[in-house]
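Q: Before I ask anything, let me first share the structure, which is written out below as structure tokens.
In the numbering used here, the protein residues as written are 13 to 118.
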């Protein structure tokens, strides 16, 4: 009788531990799922932020290039009236060479 009682207590303890262990496993799985969702949302937000930053940079680059083009055209118009054609051609070639050098550096 004592042996059966001890055996029953052991089974009860094992059952309790098993239930506790299963409960803990479920909690860990749920926590992991939540953390994965949080990370996926964070990744999505960062991708969106990067995409918006890229769009903004492209717009700024286009505006800068438009401004450079206008300045260059104005400068050519100013120089065209004041420099001989040979000097102007040489200066334009120098400017273009410098532009290429700068674009390689950037």
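Think of the CB as a built atom: it goes at the ideal place given N, C-alpha and C, for glycine as much as any other residue. As the structure is a computational prediction, the values presented were derived from the model and not from experiment.
What would DSSP say about residue 13, mapped onto helix, strand or coil?
A: Coil.
Q: Can you tell me the Cα-Cα spacing of residue 14 and residue 48, whole angstroms?
A: Cα-Cα distance, rounded: 51 Å.
Q: Taking only the alpha-carbon atoms, compute the straight-line gap between residue 41 and residue 115 and give it to the nearest angstrom.
A: Using only the alpha carbons, I get a separation of about 53 Å.
Q: Measure the alpha-carbon distance for residue 105 versus residue 71 and round it to whole angstroms.
A: Rounded to the nearest angstrom, the two C-alpha atoms are 28 Å apart.
Q: Rounded to whole angstroms, what's the CA-CA distance from residue 51 to residue 67? Just pull it up for me.
A: Their backbone Cα atoms lie some 24 Å apart in a straight line.
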